[in-house]
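As you go down the protein sequences, you meet chains A and B in turn. Mapped onto my numbering, the consecutive letters of the first sequence carry residue numbers 52 to 524. Mapped onto my numbering, the consecutive letters of the second sequence carry residue numbers 16 to 200. Structure first, then comments.
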Amino acid sequence: MADVVTPLPIVPVVPRELEREPLVANKRSIGWISDAIAGVAEAKTPLWWWYAFIPSATLLVTMTCMIAYLVSAGTGVWGLSHPVMWGWAIINFVWWIGIGHAGTLISAILFLLRQKWRTGVNRAAEAMTIFAVMCAGIYPLIHVGRVWLGWWLFPIPLSQGIWPQFRSPLMWDVFAVSTYFTVSLLFWYMGLVPDLAVMRDRAKTKIRKFLYGLFALGWTGSNRHWSNYEKAYLILAGLSTPLVLSVHSIVSLDFSVSQLPGWHTTIFPPYFVAGAVFSGFGMVLTLLIPLRSMLKLEDLITHRHVDLMCKVTLATGTIVGYAYAMEVFIAWYSGNPYERYAFWNRAFGPYGWGYWIMISCNVITPQLFWVKAIRRNLIVVWILSIFVNIGMWFERFVIVMSLHRDFLPSNWGTYGPTWVDILTYVGTFGLFFTFFLLFIRFLPIIAIAEVKAITPQADPHHPLGGAKPGGHH
Amino acid sequence: MAAPGKPIATSRPYGILAEFDNPAATMHAAEKVRDAGYRRWDVFSPYPVHGMDSAMGLKNSKVGWFSFTGGVLGYTTGMLMIWFLNAVDYPIIVGGKPMFSPFGAFPPSYELTILFGSFGALLGMLFLNRLPRLHHPLLKHGRFAQATHDRFYVVIETTDPKYSESETRRLLESAGSAHIELVEE
Chain A
52 MADVVTPLPI VPVVPRELER EPLVANKRSI GWISDAIAGV AEAKTPLWWW
102 YAFIPSATLL VTMTCMIAYL VSAGTGVWGL SHPVMWGWAI INFVWWIGIG
152 HAGTLISAIL FLLRQKWRTG VNRAAEAMTI FAVMCAGIYP LIHVGRVWLG
202 WWLFPIPLSQ GIWPQFRSPL MWDVFAVSTY FTVSLLFWYM GLVPDLAVMR
252 DRAKTKIRKF LYGLFALGWT GSNRHWSNYE KAYLILAGLS TPLVLSVHSI
302 VSLDFSVSQL PGWHTTIFPP YFVAGAVFSG FGMVLTLLIP LRSMLKLEDL
352 ITHRHVDLMC KVTLATGTIV GYAYAMEVFI AWYSGNPYER YAFWNRAFGP
402 YGWGYWIMIS CNVITPQLFW VKAIRRNLIV VWILSIFVNI GMWFERFVIV
452 MSLHRDFLPS NWGTYGPTWV DILTYVGTFG LFFTFFLLFI RFLPIIAIAE
502 VKAITPQADP HHPLGGAKPG GHH
Chain B
16 MAAPGKPIAT SRPYGILAEF DNPAATMHAA EKVRDAGYRR WDVFSPYPVH
66 GMDSAMGLKN SKVGWFSFTG GVLGYTTGML MIWFLNAVDY PIIVGGKPMF
116 SPFGAFPPSY ELTILFGSFG ALLGMLFLNR LPRLHHPLLK HGRFAQATHD
166 RFYVVIETTD PKYSESETRR LLESAGSAHI ELVEE
């Protein structure tokens, strides 16, 4: 009987219509992956990079000037006034920090869920997180008015003996945002170490070899090291997951712990987290769709990656839409006249246009991603991703504008930004894009080692990885 | 891959290096070296190869303990700090709230748990790997630069008690290495 036994195939035969698109297109080799990704940072600076960098750097200078003006003149240069004492500063803070959440979702949550496609986009998304949190972090620092006393937020012994007051959600926010920034940076850097070693081993000039070598910390690719490294990576992913969920929850507590109609709701933490991931994926799509073609990385960031990111946008956008509906329902169901009025005023009051921009961008736009033809059309996806960014800015605008009409009509008022508000916000894009462009120029923008590890030829149990059919591996 | 335990003469080579061009062959070689009873040896690959830990006979990484210690330290620091600052050292009545409540102190303590736990994971990983180490005999070796590109290496150190130039070389040859050479210290 033994002579009729044929060895079992290692890879089960999948019918063609059920086959998945590979995550690295065109059957690229492991070496090709290094060449393509490291090649971006090694090539001559392309002209388009300068066309993007110079305006970004100019905007960064603008932001710096606006902050200098704010610090020297005081917060009166902003449009803040009674009753809207929280204006563009908090809107922009929440908007930027929300954008960061997609990076952590991709790097941590999708890692725990074994979503291999994350490797194509996680490095750039994590970089986006770090730069977005930097933009966000500026606002709490400068909005305090006397910026030079910003360190009072931290529990540092002072001569008058007073301490920060930890019963306020604003103090929780200090800890949440600074932890978020630090842990995101640690996670990003740890992921970079093996790739910096790739850059070091490919470096042609002494200075590049020295600098990449310094930051690669002497990484050799030893399996004893990989073993500890992978465990540390898993733990960081496991810690970043509750972290990212807590950060936007705590940001939402800044609002919901108050007793104002429209803010004092229990739905805020989960709804803010979903909104943050939604806006973050919008920004990831906005950044990566042009980058993949400009940097010739279409084989590594494929249509399938874009398709999957559209699906996450659809899922989180639907949660956001549900949250909007539930907020309105609860406002009505509560029977509280102030709560009911706050929501009526959001939709039909003087700032109702903001509410309808929010609804059209955040509720209608993502629903288009049900259609495969739309998910596969990069230009349409890119335009829709811009709508997501706009919509999520208006969501925070709508929430903050609830302040303009509270319990007493004699207390009502209106709010508008000043030119300083506007230029500071525009300037944060300068900060964001300056850092992002420098990142593209000098660091591997896709996780080289991680992408290699998900190819079939990297798997010792796959025929392409050298496994023999019928062998015990 | 720790530093050699006792000083050795500079003329002595660091180890014997065998190159492989696919992960399956490397894994088989690692199993052979493990079964032959070598202790001071390692596999080098451009990415973490799944199953290589058991092929090498490595135990579960201890990084988790560093992270756990960090996390416990972070949570305790947060709770004790807030209690001391707001309830002992300078109590102020705010909005009729208790001077200390574990619920109000929880969010910052939770964040500190994650912060210290993350530092524990990263620093624990670096400590266990004895990194940063900016000088290594293999990093001077020209061909070894391919270890971060698309090649796989098995390196057996000369300090291994079982090391013998001819025997070890024969073992690696029988594992099917395409290229074997001595690496200078």
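Quick reminder that beta carbons are idealized off the backbone N, C-alpha and C, glycines included.
For residue i, count the other beta carbons within 10 Å of its own beta carbon; 16 or more makes it buried, fewer makes it exposed. Which is it?
i	result
A:ARG253	buried
A:ALA94	exposed
A:ARG67	exposed
A:TYR384	exposed
B:PRO63	buried
B:ALA17	Model confidence at B:ALA17 stands at a pLDDT of 46, short of 50, so the residue's coordinates are unreliable; what they give is reported in the following sentence. Exposed.
A:TRP270	buried
A:ALA283	buried
B:ASP50	exposed
B:GLU180	exposed
A:PRO191	buried
A:GLN310	exposed
B:PHE134	buried
A:TYR231	buried
B:THR183	buried
A:ASP472	buried
B:HIS150	exposed
B:PRO38	buried
A:ALA53	Confidence is the limiting factor: at A:ALA53 the pLDDT is only 49, short of 50, which leaves the residue's position unreliable and the question unanswerable from this model.
A:ILE207	exposed
B:PRO106	exposed
B:ALA24	Per-residue confidence for B:ALA24 stands at a pLDDT of 49, beneath the threshold of 50, marking its modelled position as unreliable; no derived number is given.
B:GLN161	buried
Within the continuous beta strand (DSSP E) that includes residue i, where are the two ends?
i	result
B:ILE171	167-172
B:ASP57	56-59
B:PHE35	30-35
A:ILE142	Premise fails: A:ILE142 lies in the alpha helix (DSSP H), 139-155, not in any beta strand (DSSP E).
B:HIS194	194-198
Between which residues of its own chain and residue i is the CB-CB distance below 6 Å, once the five residues before and five after are set aside?
i	result
A:PHE490	ALA178
A:GLY442	MET409, CYS412 and ASN413
A:LEU365	PRO417 and PHE420
A:GLY151	THR180, ALA183 and VAL184
A:PHE104	LEU488
A:ALA325	THR367, ILE370 and VAL371
B:HIS194	GLU34
For the alpha helix (DSSP H) holding residue i, just list the boundary residues, first then last.
i	result
A:PHE446	The residue asked about is misnamed: residue 446 of chain A is Glu in this sequence, not Phe. Segment 429-452, the alpha helix (DSSP H) holding A:GLU446.
A:ILE81	81-93
A:VAL249	220-253
A:HIS455	No alpha helix (DSSP H) contains A:HIS455, which DSSP labels as neither H nor E.
A:GLU390	388-399
A:VAL172	Per DSSP, A:VAL172 belongs to no alpha helix (DSSP H) and is neither H nor E.
B:ASP104	Neither: B:ASP104 is in no alpha helix (DSSP H) and is coded neither H nor E.
A:ARG426	423-426
A:VAL112	98-124
A:MET409	403-410
A:GLU72	Neither: A:GLU72 is in no alpha helix (DSSP H) and is coded neither H nor E.
B:HIS43	38-50
A:VAL471	470-493
A:ASP510	Taken as a continuous stretch (DSSP letters only), A:ASP510 belongs to no alpha helix (DSSP H), as it is neither H nor E.
A:LYS260	257-266
B:ARG185	180-189
Can you tell me the Cβ-Cβ gap for residue i and residue j, rounded? I've got them flagged as a contact below 8 Å.
i	j	result
A:TYR35	A:VAL135	No answer is possible for residue 35 of chain A: it lies beyond the span of chain A, which begins at 52 and ends at 524.
A:VAL357	A:LEU429	6 Å
A:VAL75	A:ILE84	7 Å
A:GLY289	A:LEU163	7 Å
B:PHE121	B:ASN101	Their Cβ separation, rounded to whole angstroms, is 14 Å, which puts B:PHE121 and B:ASN101 out of contact at 8 Å.
B:VAL198	B:ASP57	About 12 Å separates the two Cβ atoms, so there is no contact after all.
A:TRP223	B:PRO123	6 Å
B:THR173	B:TYR29	7 Å
Take residue i and list the residues in its own chain whose beta-carbon comes closer than 7 Å to its own, dropping the five residues that flank it on each side.
i	result
A:PRO334	In the sequence as displayed, the identity of residue 334 of chain A is Met instead of Pro. Excluding sequence neighbours, A:MET334 sits near ILE150, ALA153, MET179 and ASN440.
A:GLY405	PHE445, PHE448, VAL449 and MET452
A:LEU110	VAL477, GLY478, PHE480 and GLY481
Who are the Cβ neighbours of residue i in its own chain at under 8 Å, not counting the five residues just before and after it?
i	result
A:GLY516	PRO507, GLN508, ALA509 and ASP510
A:SER132	GLY464 and TYR466
A:HIS524	Caution is warranted here: a pLDDT of 45 is assigned to A:HIS524, below 50, making its placement in the model unreliable, and no coordinate value can be reported.
A:TRP433	LEU336, THR337, ILE340 and PRO341
B:GLY66	MET42
**Q.** Unbroken stretches of the alpha helix (DSSP H), 4 residues or longer, contained in the region 298-382 of chain A
**A.** Counting only runs of at least 4 residues, the region 298-382 of chain A fully encloses the following alpha helix (DSSP H) elements, listed from N- to C-terminal order: 319-345.
Q: Any chance you could list the alpha helix (DSSP H) runs of at least 4 consecutive residues sitting entirely within the region 109-177 of chain B, in chain order?
A: 117-143 and 152-155
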